[in-house]
Every structure is written in structure tokens, then in C-alpha cells.
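In terms of UniProt numbering, the sequence shown opens at residue 1 and continues consecutively.
Every residue, glycine too, gets a C-beta built ideally from N, C-alpha and C.
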Amino acid sequence: MLTVHLLGHAHVTYNNRPVPLSAKAVALITYLTIEKLPQHRERLADLLWNTPEARKNLRVELARIRSAGLNLFPLSRQLLYLENVETDLNGWLAGLGSDLDQAGLAQWLSTLRGVPLSGLEDLGSPAFQEWIDHQRWVLTEQTEEVLARAYRQFQRGGKGWATRAIAARAEALGFTHPGEFLMEDADAGLALPDMAAGLPAARPAPLPAPALPTAGRPELDSPAADGPLHFRIPEREAALWDSLKRAAHAPQVLVLHGPTGSGKSHEAGRALTEGGWLTLRISNSRAGRLIVATLAQVLLAHPFFPAPSVSTPSGSEGGEQPASPDGGISAAGHPSASVQTLQGVLLRPGSLEEDVVKVATVLATVPRPVAIVLDHAHNGPVELASVLEFLLNVPSAGPRALVMLSRTPPSQAPLCRALLRRFGVAQSSGAQSAIAQSLVLEVAPLSLGSVVQALGAHGLSRGDADLHARAAVLVQRSGGNALHLLSLLQDSGLEQGDVGRLPPAGHLPSAMRDTYLGEIDGWPAPLRDALSSLSVIQGDFSFGLVGSFSDTARRGLTPAALLRDALERRALVESEPASALSWPAFGPVGDAAPGEPCYRFRAEGLRIALSGQLPQAERQELRRHLASELETSQPGLALYYAERAGADADAERLRVAYRSRLPAGSPLLRPLHLAASAQARPEQIRAEQIRPAQMLSAPALIVPPSRPVPEPRRLPINASPAVSWQGYLLSWEQGGWLSILSQGRYGHPHTLRVHLPVPANLRDAPTLTLRLVWRLDVFHAGHELGPHQMAFPLRFSVPGADGARVLTPDAPGDYTEEGQRQLVGADVTLGGWMEHELHFNMAGQATERLDLHVRALDLALTIGELSLNGQPILPLTAAPERLGGAGSQDSSPLPRSLAVRH
Numbered sequence: 001m002l003t004v005h006l007l008g009h010a011h012v013t014y015n016n017r018p019v020p021l022s023a024k025a026v027a028l029i030t031y032l033t034i035e036k037l038p039q040h041r042e043r044l045a046d047l048l049w050n051t052p053e054a055r056k057n058l059r060v061e062l063a064r065i066r067s068a069g070l071n072l073f074p075l076s077r078q079l080l081y082l083e084n085v086e087t088d089l090n091g092w093l094a095g096l097g098s099d100l101d102q103a104g105l106a107q108w109l110s111t112l113r114g115v116p117l118s119g120l121e122d123l124g125s126p127a128f129q130e131w132i133d134h135q136r137w138v139l140t141e142q143t144e145e146v147l148a149r150a151y152r153q154f155q156r157g158g159k160g161w162a163t164r165a166i167a168a169r170a171e172a173l174g175f176t177h178p179g180e181f182l183m184e185d186a187d188a189g190l191a192l193p194d195m196a197a198g199l200p201a202a203r204p205a206p207l208p209a210p211a212l213p214t215a216g217r218p219e220l221d222s223p224a225a226d227g228p229l230h231f232r233i234p235e236r237e238a239a240l241w242d243s244l245k246r247a248a249h250a251p252q253v254l255v256l257h258g259p260t261g262s263g264k265s266h267e268a269g270r271a272l273t274e275g276g277w278l279t280l281r282i283s284n285s286r287a288g289r290l291i292v293a294t295l296a297q298v299l300l301a302h303p304f305f306p307a308p309s310v311s312t313p314s315g316s317e318g319g320e321q322p323a324s325p326d327g328g329i330s331a332a333g334h335p336s337a338s339v340q341t342l343q344g345v346l347l348r349p350g351s352l353e354e355d356v357v358k359v360a361t362v363l364a365t366v367p368r369p370v371a372i373v374l375d376h377a378h379n380g381p382v383e384l385a386s387v388l389e390f391l392l393n394v395p396s397a398g399p400r401a402l403v404m405l406s407r408t409p410p411s412q413a414p415l416c417r418a419l420l421r422r423f424g425v426a427q428s429s430g431a432q433s434a435i436a437q438s439l440v441l442e443v444a445p446l447s448l449g450s451v452v453q454a455l456g457a458h459g460l461s462r463g464d465a466d467l468h469a470r471a472a473v474l475v476q477r478s479g480g481n482a483l484h485l486l487s488l489l490q491d492s493g494l495e496q497g498d499v500g501r502l503p504p505a506g507h508l509p510s511a512m513r514d515t516y517l518g519e520i521d522g523w524p525a526p527l528r529d530a531l532s533s534l535s536v537i538q539g540d541f542s543f544g545l546v547g548s549f550s551d552t553a554r555r556g557l558t559p560a561a562l563l564r565d566a567l568e569r570r571a572l573v574e575s576e577p578a579s580a581l582s583w584p585a586f587g588p589v590g591d592a593a594p595g596e597p598c599y600r601f602r603a604e605g606l607r608i609a610l611s612g613q614l615p616q617a618e619r620q621e622l623r624r625h626l627a628s629e630l631e632t633s634q635p636g637l638a639l640y641y642a643e644r645a646g647a648d649a650d651a652e653r654l655r656v657a658y659r660s661r662l663p664a665g666s667p668l669l670r671p672l673h674l675a676a677s678a679q680a681r682p683e684q685i686r687a688e689q690i691r692p693a694q695m696l697s698a699p700a701l702i703v704p705p706s707r708p709v710p711e712p713r714r715l716p717i718n719a720s721p722a723v724s725w726q727g728y729l730l731s732w733e734q735g736g737w738l739s740i741l742s743q744g745r746y747g748h749p750h751t752l753r754v755h756l757p758v759p760a761n762l763r764d765a766p767t768l769t770l771r772l773v774w775r776l777d778v779f780h781a782g783h784e785l786g787p788h789q790m791a792f793p794l795r796f797s798v799p800g801a802d803g804a805r806v807l808t809p810d811a812p813g814d815y816t817e818e819g820q821r822q823l824v825g826a827d828v829t830l831g832g833w834m835e836h837e838l839h840f841n842m843a844g845q846a847t848e849r850l851d852l853h854v855r856a857l858d859l860a861l862t863i864g865e866l867s868l869n870g871q872p873i874l875p876l877t878a879a880p881e882r883l884g885g886a887g888s889q890d891s892s893p894l895p896r897s898l899a900v901r902h
């Protein structure tokens with residue numbers, strides 16, 4: 001059976017095997033499949049080619065189709081048509097049922113691998129391109145509707161795992177969230193639409209318009225216990241609300257940017273719903289024609305124009321006139337002028353400029369606040385700026401706003417950048433007479449405090465001894481990604497209030513994997529395959545290491561081209577320099593020496609999803625290559641790759657090389673002490689050498705009995721967004737506490753350094769006494785990766801003092817690192833508040849700073865109180881005005897390391 005695949009990259013299979021065809025041949029077969037009617041050769045040739053030799057080119061393509069083994073078109077036939085052809089859309093519609101289990105639903109959703117009819121762009125004549133755009137829009141609308149009905153069906157059945165998987169796939173494809181899709185009958189079964197009908201959907205029954213809010217801004221400081229789990233960020237929500245309020249005076253442009261799954265769509269949707277806005281969502285932001293068609297379709301699907309009452313016969317008593325001269329249906333039963341205009345845009349399109357004016361004119365008559373929400377704005381070409389600017393600036397009957405959702409900052413999104421220039425960036429200190437018309441908000445990773453608040457409000461901590469510990473593990477494991485965290489809740493059973501145990505640390509929830517795969521499928525095949533090869537690398541990597549991969553592993557891409565494309569798509573990011581951070585704003589102090597730039601994957605989940613695309617044999621071969629390449633520079637990491645690749649002989653040699661590189665007395669050598677002991681049994685030696693790495697987390701441990709320490713006090717300080725630096729997230733929590741979490745990237749951890757200023761009256765003190773109250777909820781050293789330095793959750797040092805003070809649950813004993821004595825403290829437990837007092841003998845040395853250090857693969861800690869010689873440093877008494885440093889890597893489309901390289 002011949003099957004034409006429409007849902008994603010267009011291609012053809014015969015008996016489930018791909019048929020090697022050119023893009024023009026696929027376009028021809030796709031056109032005949034959808035149109036279903038015989039087509040004359042001459043018309044097909046003119047559609048698919050713009051050259052005088054169009055007929056000859058068609059004959060060549062037909063011959064190629066026959067040579068591929070498909071005898072579809074007899075030589076003598078002038079009218080071409082297809083018989084007995086299936087589409088993946090038909091199979092996809094038939095495969096849905098409410099009895100699907102998780103595996104069945106995942107397989108059903110996997111059919112949706114990208115934007116419909118991908119790969120057929122820029123083919124043929126303008127008429128064919130317009131036909132492709134229209135069919136893509138039709139298929140997208142149909143797919144969204146089916147996903148929404150499936151979502152509603154599983155939601156009624158109480159299957160949260162299914163609704164989450166469906167929503168994740170929809171978001172990955174840029175579709176409307178299934179829970180927000182307006183359906184004609186919410187309780188109807190899966191009424192499947194006809195394929196490629198090419199007509200506007202029937203208008204649903206009128207729905208009551210939501211009432212505009214009568215009060216001011218909603219309460220932002222207290223979480224709502226009803227509805228889905230919501231992580232409140234009061235400052236961000238207040239900024240959104242203020243911007244939407246300004247739309248009453250001037251059109252607004254809002255840009256919300258953040259990585260996949262960060263919650264941009266949810267954040268914007270919630271603010272618009274609470275404000276009583278009418279939302280027009282545009283999923284495809286690549287073409288002006290599709291934007292205009294989508295707006296026309298959405299306007300037709302909503303009861304914007306109230307249907308007037310039908311008047312009684314002329315002259316009869318009680319006759320009523322239509323409520324509006326431009327109502328939805330005239331007194332004679334004919335569509336209104338607005339409805340006719342929109343239907344004409346869809347069925348009889350004119351030039352793009354004419355249709356933009358028509359849609360804008362109709363849109364201006366809607367008396368309610370209207371927001372156009374543009375998904376995937378980072379993909380939008382700059383040419384769309386004029387279209388969107390015109391739609392916003394047409395005088396309207398109500399407030400207007402454009403909300404752009406982007407995975408990249410505006411500096412890397414040309415469309416966002418162009419519109420912000422035209423409307424101006426909001427400045428908090430601007431003149432009172434000017435009305436700001438734009439706002440840029442980064443949807444930063446979730447803070448620990450927001451997760452604690454949300455879990456507590458929904459009662460999801462029942463049975464947990466410590467809600468803070470559970471939330472810390474969730475935030476650390478998810479990297480603060482909202483979708484990832486919600487998926488972990490679902491997988492662990494906490495969503496139903498069960499205690500549950502979180503999945504293993506390397507587990508990637510299926511909803512998050514589907515989201516990443518949806519993003520990956522949109523990349524060019526060479527880039528996707530080359531990044532899959534790079535995904536075998538653990539942690540940061542250099543330009544040189546990328547260049548060491550064979551051309552086959554890089555799929556023919558040069559190292560510079562591969563990194564440039566990956567950085568532009570935000571698959572990779574450039575690692576931050578090894579600079580310390582200032583206190584309390586966490587800006588880089590610039591004390592790092594210049595070095596070769598390194599790169600890493602944007603998120604560990606993305607790396608895991610890419611790695612899963614590689615065959616096992618290829619993955620093992622790449623590990624053997626990395627073991628050989630890193631043998632000289634990083635023998636410990638090379639040993640890890642060799643062991644994973646099963647290269648036992650290489651592993652033994654690398655183990656000796658690694659141990660010889662470690663400094664004498666390093667705690668990382670201590671397993672060898674057992675081997676050197678004459679009393680050690682062989683099985684003890686083996687068990688010590690292959691001891692598996694453990695990740696300690698509070699909810700999985702029984703905290704040893706210790707003197708209870710009360711929770712530190714909180715001051716009236718609001719929480720701050722998290723600052724990401726060298727694989728760690730630093731944030732000020734509600735009340736002035738400091739939270740530090742690692743982002744879960746599997747590789748050698750960096751050493752986070754924060755410089756705390758010593759009060760002026762203590763800089764000449766002979767001794768310094770540091771008192772802190774803190775808690776540790778997650779700690780994984782990552783020693784199985786062969787590091788050269790000991791990991792620890794927390795270390796303090798004072799330049800010129802008699803040594804550093806290390807706090808770690810490993811208790812390895814004192815040791816020396818880089819010539820400085822490391823004094824290891826005791827009584828470090830997980831899952832509860834601890835109090836420690838550390839003493840520094842200055843020996844007459846004056847000092848101006850106290851250094852806080854963190855070095856761990858997985859980490860979640862909170863510091864509630866910190867004082868130096870009795871003078872309080874924490875909790876913070878006033879939040880810094882601006883966190884992070886200027887000139888971050890997001891300020892330019894590409895890092896300078898690649899802008900000037902090759």
C-alpha cells in the first residue's frame with residue numbers, strides 16, 4: 001500500500017518502507033492525493049515548474065517515479081490521478097481511542113513529527129506555494145482540533161498522564177494548547193474532520209464573552225489552590241498586568257522569552273484570561289499569508305459579531321430592528337459584511353496587502369480587548385513586522401496587544417527586535433508623560449520558593465516530612481523548567497497527593513522527551529545527526545574536541561559551521577568564563593583569565609533526547625574516540641568513556657594514568673588505600689573500585705538524629721529571578737534567603753565562587769567567626785567522572801587565613817588543594833536545617849572579602865542566616881535592584897569566539 005505522509009516532513013512510503021523520491025516527485029504525489037481529482041499534465045507542469053521546459057521536467061519526474069518502483073502513471077495517460085492511496089493522517093485519525101495506554105498514546109503522538117507538509121517550501125510556482133500554505137493551514141487546524149478533542153476525552157477520564165503528553169506534543173509543534181481550544185461541543189465524541197476540505201470551519205454556537213474585571217490587579221502574592229498547579233512570580237505577573245493595562249492608552253508589544261517548557265504560553269494565557277482579553281493565537285509565524293488566514297479563521301470561529309434578532313414582518317406590533325447594522329447574520333438570514341469579508345479572504349484571497357487591510361478593518365470593530373499571541377516568534381522573519389505593526393496601529397474599538405513567545409532573547413529574534421524598535425522598549429524610569437508601548441520579560445527558571453508555595457497551596461505535600469526538601473529535589477532535578485517539573489510530579493505520583501519516589505536522576509519524563517523531540521525534528525537532518533554525535537560528550541567541550549570528530553560523525557559540517565548553527569538555534573550555549581560573582585547582585589567580577597571558549601548543550605534533557613537518537617554501536621564508537629582523544633588532557637574523564645564503551649584494556653591503562661595525575665593525599669585516591677592494605681580481600685578491593693555513584697537527596701534518606709535547628713527568620717524581601725552561572729542557579733528566596741541549585745548537567749562540575757565583602761570594621765580583625773544556618777537537600781559529587789578536584793556542597797575561605805573550611809556529608813578528612821589546607825567540618829546531614837560556626841585565624845593579615853564556593857554535580861542548598869563576628873549578612877535586608885551582569889552571552893546573536901573564528 002502506498003502511503004503519503006503529510007503530518008511533518010512530506011514523504012512517501014510503500015509497504016512501510018521509504019521510497020527514494022525527489023522533492024518535486026513528492027510534491028506531485030502529495031498534490032494528487034489531496035486534490036483527489038484527475039489533473040491534466042500541462043496544468044501540473046505549470047504548477048510545479050516556472051521554466052519553459054516544464055512539460056519535459058514533468059516527464060523526467062514521472063520516469064524517476066517509475067524507476068523507483070512505483071507504477072502509478074501510465075505513459076499514455078494525459079490526466080493523472082491516484083488510486084488506492086493512504087495518508088498518515090487517515091491512519092492517525094483511526095488510531096485514536098480512549099483505551100490507549102501510555103505506550104499506545106506515545107506511538108499515536110509520534111506520528112506528529114513537525115509542521116505539516118514540511119520540505120515542500122519554495123517549490124514550484126507562486127500558485128503552488130500558495131496552495132501548500134493553505135493546505136498546511138488546513139492540516140494544522142484539523143490536527144489541533146483532534147488533539148483538543150483527545151485532550152478533553154482523556155481529561156474526562158481522569159488520565160493526567162495522557163493530557164500532559166498531548167499538551168507537550170502540541171507545544172513542541174507550536175500548536176494551540178489543547179486545553180484552550182474552543183470546541184463546538186465539549187462533550188461530543190471524536191468527530192473527525194474530513195481531510196483537506198479547504199473550507200472554513202463552521203461557526204460554533206455563540207458563547208458568552210468573559211466579563212471584564214471590575215476590580216484592579218488580581219492578588220499576586222497568594223497562590224490559588226484551585227485549578228492547575230501554578231508557580232507564582234509576583235513581580236513578573238505585575239509587570240504583565242501593568243503592560244496590558246497600558247493598552248487602554250496605546251497598543252502594546254510584549255515579548256516573553258525562555259527555553260522550551262519554561263511556561264511562556266501559560267504565563268501569557270493566565271494574564272490575558274484574568275484581564276478579560278480575547279486571545280487570537282497564531283501558531284505559524286513564518287509567513288504573512290498564514291497569519292492573515294489564521295486571524296480570519298479565528299475571527300469567524302468566535303462570536304465577535306452578535307447575531308441580531310430577526311424582526312417581525314413590517315408593520316406588526318413589537319417588531320424589533322437588528323441590534324447592529326454589522327451583526328453576524330442579517331435580518332434576511334445573510335452573513336454580515338464582516339463575515340463576508342473574512343470568508344472572502346479565505347476563499348478568494350487577493351494580494352497580501354489587500355487581505356491585511358480587510359482583516360485589520362474587521363478586527364478594529366471588535367469592542368473587546370484583543371491580544372494577538374504569536375507562538376515561535378523567534379522563527380518569524382523580519383518582513384512580518386510591517387504586517388503586525390499595521391494590525392496593531394489601526395484605530396480600534398478596544399485595547400490591542402501583541403504577545404510574542406520566543407525561545408530566544410529579542411537580540412536573537414529578528415522579528416521581535418524589529419517590533420521592539422518600532423514600539424520602543426519600556427523603561428521603568430521613563431518620563432511620566434510618555435506611555436511605554438513594549439515590555440520584554442525573561443521567563444527564568446522557577447525559584448525554590450515559588451515551587452514550595454505552589455505545592456503547599458495544592459496540598460501535594462501530604463505525607464512528606466519536609467515540603468522544602470521535596471521541592472528542592474524537584475527544582476534541582478528539573479533545572480527549574482516548569483514542564484519538566486510537572487512531568488516529574490506526574491511520574492512520581494505526587495500529583496495525586498501520594499508521597500511517591502522520584503524517578504532515577506537520569507530519567508527524562510516522556511512528556512519532556514516528546515517536547516525536545518518536537519524541537520529536534522524541526523532542525524535540518526545534518527545538524528540533528530551531528531548534534532546527536534556530540535551528545536555523547538559529558539559536560540563542556542571545546543572547539544578542538546568538536547573538530548576531532550570525523551566528518552562522518554559531523555555529517556559533513558565543518559566544526560565552525562556546526563557550532564554556529566547550533567548556537568543560533570540555541571541547541572548549544574557558550575559556557576560562562578570562570579569568573580567569580582559579586583554579592584548580592586551576582587554579577588561577574590571579571591577576574592577570570594582569558595581562555596579558549598567552551599560550549600555545552602542548553603539543557604541536559606535536550607542532550608539526553610539527542611543521545612537517544614544514536615544507535616548503540618555508533619554511541620560506543622564515539623565513546624572510544626573520546627577516551628582516546630582525552631587520554632592526555634583529562635584521563636579521568638577518558639577512563640569514564642572507556643568503561644562505558646566496554647574497552648577494558650584501555651580502561652585499565654587510563655585508571656593508572658588518572659591516579660598518577662591526582663595530587664598526593666587527595667581524597668579521590670582513598671579507595672586505593674584499601675587495595676594497598678595487606679588485609680584487604682580481593683572482593684573488597686573490587687567492590688571499592690567499582691562502587692556506584694550515589695546521589696543523596698533528602699526525601700530518600702532518613703536524617704540522622706541531631707540537635708534540631710529552628711528555621712531561620714524571614715525578612716519582608718520578595719523573591720528574585722534565578723541567575724544562571726556555570727551550571728548553577730542562584731536566587732534570593734522570599735524572606736532574604738539564598739538558594740543555590742545545580743542545573744543537572746552530567747559532567748565535571750565547575751567551582752562557583754561568590755565574593756562577599758567583609759564589613760569595614762572587621763577587615764583588620766585577628767580572627768573571623770562565621771556563623772551560618774543552612775540546609776542541604778541534594779548532593780552528588782560526580783566522582784565517577786574522574787575529576788581532578790574533590791567536590792563539596794559548600795566551602796568558605798578568607799584570603800590570607802589559615803585555610804579553607806569545607807562542609808560536606810562525605811567527611812573525607814582534611815586535605816590540601818592548590819597549596820591551601822582544606823579543613824573539613826563534621827555533622828553535615830541532608831533534609832534539615834543545620835548550624836555551623838567556622839573560625840578563621842588571620843595571623844595579622846587584613847582582608848576585604850569572604851569567598852563562598854560550591855562544587856557539585858547535583859546540588860540543592862539554602863542559606864537562611866549568615867553572620868561574621870556577630871554582624872548579620874543574611875537574611876538579606878534589601879533585594880538588589882538588578883541581578884546578573886551586563887553583557888551576557890544573550891546580547892549578541894553569536895559569541896565572539898565564533899564570530900571571528902574561521
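query, result
"L730 vs F549 beta-carbon contact at 8 Å", "no"
"Under the three-state DSSP convention, the category T13 falls into", "strand"
"Nearest-angstrom Cα separation, counted from P445 out to G480", "4 Å"
"Inter-residue Cα distance where the pair is G665 and A454", "46 Å"
"At least 3 beta-carbon pairs within less than 8 Å: the stretch 633 to 643 vs the stretch 600 to 617", "no"
"Outcome for P213 when other beta-carbon atoms lying within 10 angstroms are tallied against a minimum of 16", "No answer about P213 holds up, because its pLDDT of 39 lies below 50 and its placement is not dependable."
"CB of Y728 within 8 Å of CB of L738, strictly", "no"
"In DSSP terms, what F840 is bridged to", "L768"
"Given 8 Å, three or more beta-carbon pairs between the stretch 389 to 399 and the stretch 246 to 259", "yes"
"Sufficient close CB pairs (3 or more, under 8 Å) joining the stretch 482 to 490 to the stretch 155 to 170", "yes"
"Rounded distance between the beta-carbons of V440 and P410, thought under 8 Å", "6 Å"
"Expected contact under 8 Å - CB spacing of V754 and P793 to nearest Å", "About 14 Å; that fails the 8 Å criterion."
"Nearest-angstrom Cα separation, counted from L762 out to E733", "27 Å"
"N- and C-terminal bounds of the alpha helix (DSSP H) containing W108", "Q102 to S110"
"Residue environment, V382, which counts as buried when at least 16 other CB atoms sit within 10 Å", "exposed"
"Expected contact under 8 Å - CB spacing of L352 and V292 to nearest Å", "7 Å"
"Length at least 4, wholly inside the stretch 547 to 589: the alpha helix (DSSP H) runs in chain order", "559 to 568"
"For D827, the nearest candidate out of R281, L402 and T808 (CA to CA)", "T808"
"For W49, the three-state DSSP class (helix, strand or coil)", "coil"
"Start and end residues, alpha helix (DSSP H) containing residue 910", "In this structure the chain extends from 1 to 902, so residue 910 is not present and cannot be described."
"Minimum length 3: unbroken beta strand (DSSP E) runs contained in the stretch 387 to 423", "400 to 406"
"N-terminal and C-terminal residue of the beta strand (DSSP E) that P793 is part of", "F792 to S797"
"Distance, L614 Cα to G8 Cα", "21 Å"
"Buried/exposed call for N16, threshold 16 Cβ in 10 Å", "exposed"
"Residue span of the alpha helix (DSSP H) that contains D858, given as start and end", "Where D858 is concerned, there is no enclosing alpha helix (DSSP H), although the beta strand (DSSP E) it sits in stretches over D858 to L868."
"Local Cβ density within 10 Å of G547, reported as buried at 16 or more and exposed below that", "exposed"
"Buried or exposed (CB count within 10 angstroms, at least 16 for buried), T176", "buried"
"Touch test, the stretch 743 to 752 against the stretch 812 to 820, Cβ-Cβ under 8 Å, three pairs minimum", "no"
"Beta strand (DSSP E) segments (min. 3 residues) lying fully within the stretch 736 to 770", "738 to 742 and 752 to 757"
"Cβ separation of F73 and L58, assumed to be a contact under 8 Å, to the nearest whole Å", "Incorrect: roughly 10 Å between the Cβ atoms, too far for contact."
"Option in E267, L756 and E145 with minimal Cα separation from S582", "L756"
"C-beta contact flag for Q135 and I34 at 8 Å", "yes"
"A593, DSSP secondary structure in three states", "coil"
"Nearest neighbour of S533, chosen from C598, A617 and L489 [CA to CA]", "A617"
"Whole-Å CB distance - A360 paired with L391, under 8 Å assumed", "5 Å"
"Option in R655, S628, R624 and Y658 with minimal Cα separation from R644", "R624"
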